[in-house]
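Going by my numbering, the first residue of the sequence shown is number 654, and it counts up by one from there. Inspection log for the structure reproduced underneath, given as structure tokens.
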Amino acid sequence: MDSGFATIEQRFVEIIENFPARPVGWMLRLFILPFGQRRHGPTDRTIRQCAQIILEPCPARERLIDNVFIGGPEEPVARLTEAFRLMVDTQPIHDRLRKARIKDWAKARERGLLSSAELAQLEEADRAVADVIAVDDFAPEDLRRNSAASDLAQAAE
């Protein structure tokens with residue numbers, strides 16, 4: 654709402670500043686914005702709170718994503734949702750490793766801080782996140798142009 658009100662107020666300022674009859678513009682400013690521009694959008698605190706709602710499983714987040722089309726398992730939104738779920742599920746393991754100040758999962762496994770199942774869980778979550786992040790990952794042959802000019806250029810090399 655803060656962002657919307659700030660946008661509306663900014664548009665009023667722009668209209669008033671570009672009003673063809675200057676004296677009428679000044680009068681409009683007095684009536685429409687008697688105290689000047691007062692809205693400046695959401696605060697950092699509000700933005701942080703909204704981000705927290707989206708980044709943690711909670712009823713508010715569920716209401717926000719309830720009508721989002723997920724699609725099949727290969728759809729981008731479905732892959733993102735699955736990666737999010739896996740990261741949430743493995744968060745306690747990540748917290749435990751962070752508390753022990755261990756970044757290498759193999760070392761944590763050797764020290765007995767991770768079970769085989771937990772290690773598999775972490776690896777699955779890591780693969781899912783890497784899959785979601787690799788949106789522009791193409792094999793070189795996928796990028797080759799299928800034209801006579803590119804074939805000639807390859808033949809010249």
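Glycine included, C-beta positions come from ideal geometry on N, C-alpha and C.
- Task: Please list, in chain order, all residues of the same chain as D655 whose beta carbon is under 6 Å from its beta carbon, the five residues on each side excluded.
- Result: G694, P695
Could you pull out every residue in the same chain whose Cβ sits closer than 6 Å to the Cβ of P726, ignoring the five residues on either side in sequence?
none
Within a Cβ cutoff of 7 Å, which residues of the same chain sit near W758, ignoring the five residues on either side of it in sequence? L767, L772, L775
### Query
What separation, rounded to the nearest whole angstrom, lies between the Cα atoms of R602 and A704?
This structure cannot speak to residue 602, because the chain is shown only from 654 to 810.
Using the Cα positions of V666 and I755, report the straight-line distance between them to the nearest angstrom. 55 Å
- Query: What's the gap between the Cα of C711 and the Cα of L686?
  - Reply: 40 Å
Check your understanding: Looking at the unbroken alpha helix (DSSP H) that takes in H747, where does it start and where does it end?
Key -> 729–752
Exercise. Tell whether a beta-carbon distance below 7 Å holds between A753 and V782.
Key: no
8 Å Cβ shell around V730 - same chain, five flanking residues per side excluded: V721, F722, I723, G724
Checklist entry - What are the boundary residues of the alpha helix (DSSP H) that includes P712? => result 712–718
**Study point:** Spatial neighbours of I746 in its chain, beta-carbon cut-off 8 Å, leaving aside the 5 residues before and after
**Key:** L767, E771, Q774, L775
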